[in-house]
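Novice:
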Amino acid sequence: MLCAELPLEEDQMTINRMKTGVKSRSVEELRETVWKLSRQIMEITTEAGSGHPSSSLSAIDVITALYFGGIMRHDPDRPQWPARDRFILSKGHAAPALYVALAEAGYFNPDLLSTLRELGSPLEGHPNMRRLAGVEASTGSLGQGLSFALGHALAARIDGERYRVYCLIGDGEADQGQIWEAAMTAAKYDVDNLTAILDYNEYQQTGPVEKVMPGLFPIVEKWRAFGWHVVEIDGHNMEAVLEALEAVQQVNGQPQMIVAHTKKGKGLDPFEEDDVNRMHGEPLSPEQLEVALADLNEMYGKVK
Amino acid sequence: MLCAELPLEEDQMTINRMKTGVKSRSVEELRETVWKLSRQIMEITTEAGSGHPSSSLSAIDVITALYFGGIMRHDPDRPQWPARDRFILSKGHAAPALYVALAEAGYFNPDLLSTLRELGSPLEGHPNMRRLAGVEASTGSLGQGLSFALGHALAARIDGERYRVYCLIGDGEADQGQIWEAAMTAAKYDVDNLTAILDYNEYQQTGPVEKVMPGLFPIVEKWRAFGWHVVEIDGHNMEAVLEALEAVQQVNGQPQMIVAHTKKGKGLDPFEEDDVNRMHGEPLSPEQLEVALADLNEMYGKVK
Amino acid sequence: MEFGKEIGLKLGPPTRNAFGEALKELGGENQQIVVVDGDVGNSTRTQYFGEAYPDRFFNVGIAESNMIGVAAGLAGAGKQALAASFAIFLLGNAYDQIRMSVAFPRLDVKLVGSHSGISIGEDGPSQMGIEDIALATSFPHFTVLVPADAPSTRAATRAMFSHDGPVYLRTGRPKVPIIYDGDVPFEIGRANQLRDGGDLTIIACGLMVAAALEAAHTLSAEGVEARVLDMHTVKPLDEEAVVRAARETGAIVTAEEHLLQGGLGAAVARTVSERHPVPVHTVGLENTYAESGDPLALLKKYGLMPEDIVQAARRAVEARRGRDGG
Amino acid sequence: MEFGKEIGLKLGPPTRNAFGEALKELGGENQQIVVVDGDVGNSTRTQYFGEAYPDRFFNVGIAESNMIGVAAGLAGAGKQALAASFAIFLLGNAYDQIRMSVAFPRLDVKLVGSHSGISIGEDGPSQMGIEDIALATSFPHFTVLVPADAPSTRAATRAMFSHDGPVYLRTGRPKVPIIYDGDVPFEIGRANQLRDGGDLTIIACGLMVAAALEAAHTLSAEGVEARVLDMHTVKPLDEEAVVRAARETGAIVTAEEHLLQGGLGAAVARTVSERHPVPVHTVGLENTYAESGDPLALLKKYGLMPEDIVQAARRAVEARRGRDGG
Ligand SMILES: Cc1ncc(C[n+]2csc(CCOP(=O)(O)OP(=O)(O)O)c2C)c(N)n1
Ligand SMILES: Cc1ncc(C[n+]2csc(CCOP(=O)(O)OP(=O)(O)O)c2C)c(N)n1
Ligand SMILES: [Mg+2]
Ligand SMILES: [Mg+2]
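What follows is the structure in structure tokens.
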């Protein structure tokens, strides 16, 4: 499924990765990270008793690549560093994915993770930029993040900064007209420091995209017609994710869309068994958690 | 520019035209009607001292074809006739074009036209469905009409009615995300009794589309990618307009978009002279009106 | 939310469920009813209708603006169209669509907002509808219903479809106490008096009706007797009941799970100050968003408990006495 | 709108023009100011800024939701971002975007709505912002400014940028009388007393300030002396000035070019009934949209003339006397 259109030489990839303030990890380490963060996502939502583990899991490879694969220049010690690259989680209900990544990167003490959704915890049900370092945008109402990301991207232009802005949106989220307003405007301003990633997990809240909004198809043609450079990848293949994220940085004069084919809870039985909406907005029960963690361990070769 | 994709036999066209409750006019008569209604648009807005003549003029050929070319089945004596075809003017600021057409068709006394925008007149600045027979939707906030038209189209399906719904939107209006939401949903429901016409006059409120929102281009590809059957025509060529409106009725299982290339005040000096926004929202002064009417008469061979 | 336990109120189902069931019933009785969903039918409970009458159920995806336009068009074609989403997404993402395509032409569209208030808890402020009453009541000619429990939500749903014109109905996510266990009086625009008392009147809506009853019980033990009104219709407000309360009890407390700005309290204060000025003290969210957390803990932290009504009542009675004596 | 002619008020420019000029000036002084337009810059007058500083001016087309998101993102990156459109399109088409992307994170975004009220005239109700104050004041932490004339609009524009946090500024289309011809006192949250009197207080904002002054003049001839407050900041409301007015004059009339639901009058009534109950009579649009027509004719038909304030004042004074005597 990989069809990144601008493959890079190994050298160039290494150089790009070095830009980051965080030590960048090897592909193997990144897979290890995905394993760890996936565990955490399931554990903390089960502990909280509510939340969106499946929506978080489908995005975790991409988020891991962004924060730890040398893609984003960022520095947990300076979350407001003006030249930092930005990540905007437009599909805010995947907050757990963002939180575990930020904790892993050192933005805050990982102990906080277990306070998810508790009164007083800065780890709210949806991201609150005023309460947690590293959170770039308060989201939770779908459709708004891409416009916000575009604002950041335009600010870079005014300030002569070279930072890049990454924005993750849901496939169902693309039902929202504001997404297309932002898409059109990004094309108008030829912003090439803006990369959107569509978490194409094929499910929305009440059912599969196929049923709820088949009008979303064909998704690649839509974004092309809106003036974007489009790349389509397997969003659970770390090499493919990295390659696409590297490649889009070379695009000039056009915003870029990475359509990441993903699954809600890939390979994990409790999710795989649900063909209604792949457990949208449902945490795993303690029993399901055990099953899912075992499945995960197996997938990542962690079986003892 | 004509590229209607489903040309019809002469016979079929005649049959289709006969469906209407209003006697349908010949192409020559329709041109005559366009001439008359164009005059009225300019006269009543100048008299009112405000309004959007240029936005009305660009759409008047299409509206004339719909109401008098045998396209729409409608009956001025029964404006609420359940089986009537519907016309939704989404770009509500072109109200004068709708009003002169409705008056010409006999929905109300043409004397009312001179009360445009006066306190107490049902001919408000933007269409008010509660005050004027024949007005199907209250509009004026851009972006909303296509959803409304879709609602009508879906109602036909529930009721087993065969009426068609026509909706006119502006090119600038297509900046609005709601247009794309409606487009997507119409494709989901395969509504083939819905025809949208895009009044592609190349100007929005503050300038040319080219400058204000080049992201709207390429417009045909966008609608195709959203699952619509798209036809592109010269919106001031009556044969082309009729042919397209006939042709789209044959489309099965898909909503149809007619991209009508038009001009704001085509061939009329006061408008042609303005390359900022072709006098958006400005009525002609009495002197300009004289010039424009003379130009119009010349265009339509009315010079005495 | 277990308010009123000590006065014998029993926990009933969430109002959103009661709405969903009533809607499904009505769908069977009336073929003209159609429903438009913004892909949250499993949250709002319009799903019950959708499963029973798939031909009259349209899921337009996560696109609230379009949802309203489609519903309005269906109404324009003669249907009784209902559109539902989370309260804030419905009213916030489609405010202008409701204004232009529903309120202004007075089309027969029914709007239902679930996830109202802060008692949704852990999902947090982005999903909480705390301004929906202000938004819905701002529309001229609108009717705005905020029922207190499951039985009256069922009645409200029926009343809504009997009413010709736009209505907004507010529902909630948590289980709430049953207020009406037998007969359910529900007339649009007519407050239900649940308790009488001469010292002040507590005017509440939604979840806060149970809290008001509990507060009245507490006050009674202190020798303060409160009238309690279930103001299930916030618009049109039952002005006569409000003025009567002002005249007969001399002090008013309002309680709502909503911002004070533009809510029930503000509407009551406007009526009272114009027609019979007496102290009106308001319980609600004061100029703040809430946060994620356990529903009950949130209600405590943000001052929406029976105890908060009791305190407001004491202040209101105090203020009345100050005036009476002065 | 030629209110107050007989008391010597002179017609000045529209407030939208004053805003546009002040914005352009500020743009020269402060490089951090950026402006986002929804393709109505020639109406809102942000065009003046756009022509002077094209690199800091972004026209995102007729897409108000996106306009707010882009402005919020610019603010997130450290800019002082201003977004403007017609009042109703701004607040109505982007309510939830303002809530989620501006109000909740308290980003430094300035919002300006032109075409407020019914005095825009012929374009009709679809373009009239008559609910913008209700919508803007519903946002926690928001500041809402409704200046009365061109000089105070200029001052309000400056004050808005000196304030750290979200602000909504309401401007209008018609020429309006100059209230402040010399010194312009403008402190956010602090009402300006324009006239003193002991019989009642008229609290007004925007265009209705001139109408209030004219009304006060008429009342004076009848022996009724009115205090007049220019409540240019509707949120946060100057509660002290309101309570003082209630205490010292015993009756209040409010006047606004806005729906009564959720407007200035409702905010005043809430403060007064909680802190010092006295009669409050409200002048504004009562649960109705207006229509197309000549601006002055509309103001007459919909009860927004100085004479309407005079009548409300008579009723309020009457009500106070009834209470005092009773
Ligand atoms: C404006 C708005 N409408 C509705 C919702 C409720 N909601 C939360 S998640 C969700 C489904 C999102 O689907 P998708 O974008 O595909 O995300 P996924 O969970 O599949 O990654 C919905 C409808 C919301 N958060 N915001
Ligand atoms: C939601 C909304 N935003 C802004 C406006 C103000 N407005 C009226 S007409 C217009 C320009 C429309 O351009 P286009 O759709 O191209 O129509 P044209 O007049 O060119 O046919 C604008 C921005 C509006 N009516 N509605
Ligand atoms: Mg999805
Ligand atoms: Mg145009």
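Chains as they are written, first to last, in our numbering: chain L, 90 to 393; chain P, 90 to 393; chain S, 10 to 335; chain X, 10 to 335. All residues carry an ideal CB built from backbone N, CA and C; glycine is no exception. Everything numeric in this text was worked out from a predicted model, so none of it was measured.
Is there a C-beta anywhere in chain L that falls below 8 Å from the one on T228/P?
Specialist: no
Novice: I want to see whether chain X comes within less than 8 Å of G335/S, judged by CB atoms only; does it?
Specialist: Because G335/S carries a pLDDT of 46, less than 50, the predicted location of this residue cannot be relied on, and no value is offered for it.
Novice: DSSP three-state label for P63/X, please.
Specialist: helix
Novice: Measure the C-alpha to C-alpha separation of Q40/X and R54/X and round it to an integer number of angstroms.
Specialist: 19 Å
Novice: Assuming contact is defined by CB atoms lying nearer than 8 Å, are A164/S and F195/S in contact in what I supplied?
Specialist: yes
Novice: Note down, in chain order, every chain S residue with its Cβ under 9 Å from the Cβ of Q294/L.
Specialist: Per Cβ cutoff of 9 Å: D48, V49, G50, N51, S52, I71.
Novice: Applying a beta-carbon distance threshold of less than 9 Å, which residues of chain P neighbour K1/S?
Specialist: The requested residue 1/S is not part of the displayed model; chain S covers only 10 to 335.
Novice: Step through the CB atoms of chain S and report whether any lies within less than 8 Å of the CB of L239/L.
Specialist: no
Novice: Along chain L, in chain order, which residues have C-beta atoms closer than 7 Å to that of K88/X?
Specialist: A244
Novice: Looking at the secondary structure, which residues open and close the beta strand (DSSP E) in which F95/X lies?
Specialist: 89 to 95
Novice: Alpha carbon to alpha carbon, what distance is there between T297/X and G312/X?
Specialist: Their backbone Cα atoms lie some 12 Å apart in a straight line.
Novice: Using the three-state DSSP reduction, which class does Y177/S fall into: helix, strand or coil?
Specialist: strand
Novice: Under 8 Å, do L178/S and R204/S count as touching if we go by C-beta distance?
Specialist: Remark: C-beta atoms of L178/S and R204/S do not approach each other more closely than 8 Å.
Novice: Determine, using beta carbons only, whether A213/S and R236/S come nearer to each other than 8 Å.
Specialist: Contact flag unset, no.
Novice: Quick check: what's the CA-CA separation for S115/P versus F157/P?
Specialist: 9 Å
Novice: Run through chain P and tell me which residues come within less than 9 Å of E217/S, C-beta to C-beta.
Specialist: Checking the sequence shown, residue 217/S turns out to be Met, not Glu. The premise fails here: M217/S is roughly 35 Å from chain P at the closest Cβ pair, so nothing lies under 9 Å.
Novice: At the 8 Å Cβ level, is D264/L part of the contact set with chain S, yes or no?
Specialist: Yes, D264/L lies at the interface with chain S (some Cβ there is under 8 Å from its Cβ).
Novice: Determine whether the Cβ of F148/X lies closer than 8 Å to any Cβ atom of chain L.
Specialist: no
Novice: Could you name the residues of the same chain whose beta carbon sits closer than 7 Å to that of V121/S, not counting the 5 residues immediately before and after it, in chain order?
Specialist: F28, T53, L91, A93, L178, T180
Novice: Go through its chain and collect everything with a Cβ distance to G50/S's Cβ below 7 Å, but skip five positions before and after it.
Specialist: These residues qualify, in order along the chain: Q56, G59, N68.
Novice: Would Q267/P be called buried (16 or more neighbouring beta carbons within 10 Å of its own) or exposed?
Specialist: buried
Novice: Listing by chain order, which chain L residues have their CB less than 7 Å from the CB of D303/S?
Specialist: L208
Novice: Which term fits K19/X, buried or exposed, when burial requires 16 or more other beta carbons within 10 angstroms of its beta carbon?
Specialist: An exposed status is given to K19/X, since fewer than 16 other beta-carbon atoms sit within 10 Å of its beta-carbon.
Novice: Looking at ligand 4, does it come within less than 7 Å of Y292/L, judged from the CB to the closest heavy atom?
Specialist: no
Novice: Could you check the C-alpha separation between G17/S and K180/P for me, to the nearest Å?
Specialist: Taking the straight line joining both Cα atoms gives about 58 Å.
Novice: Distance, Cα to Cα, P359/P vs E248/S?
Specialist: 57 Å
Novice: Looking at P286/S and R182/S, is the spacing between their C-beta atoms short of 8 Å?
Specialist: With contacts defined as CB atoms closer than 8 Å, R182/S and P286/S fail to qualify as a contacting pair.
Novice: Between which two residues does the alpha helix (DSSP H) harbouring Q267/L extend?
Specialist: 266 to 277
Novice: Going along the region 306 to 339 of chain L in order, which residues come within less than 7 Å of chain S, judged by CB to CB distance?
Specialist: none
Novice: For chain P, is any of its Cβ atoms less than 8 Å away from the one on T274/L?
Specialist: yes
Novice: Strictly under 8 Å for the Cβ-Cβ distance: is H163/P near chain X by that measure?
Specialist: no
Novice: Anything in chain S within Cβ reach of A275/X, meaning under 8 Å, just list it in chain order.
Specialist: G271, A275, A276, A278, R279, listed in chain order.
Novice: Would W124/L pass as an interface residue toward chain P - the criterion being a Cβ-Cβ separation below 8 Å?
Specialist: no
Novice: Measure the C-alpha to C-alpha separation of A194/P and R115/S and round it to an integer number of angstroms.
Specialist: Roughly 26 Å between the two C-alpha positions.
Novice: Short of 8 Å Cβ to Cβ, which residues in the region 212 to 227 of chain P face chain S?
Specialist: N217, M218, R219, E225, A226, S227
Novice: Please classify K170/P as buried or exposed, where buried requires at least 16 neighbouring CB atoms within 10 angstroms.
Specialist: Just to set this straight, residue 170/P is Trp in the shown sequence, not Lys. Counting Cβ neighbours within 10 Å, W170/P comes out exposed, since fewer than 16 surround it.
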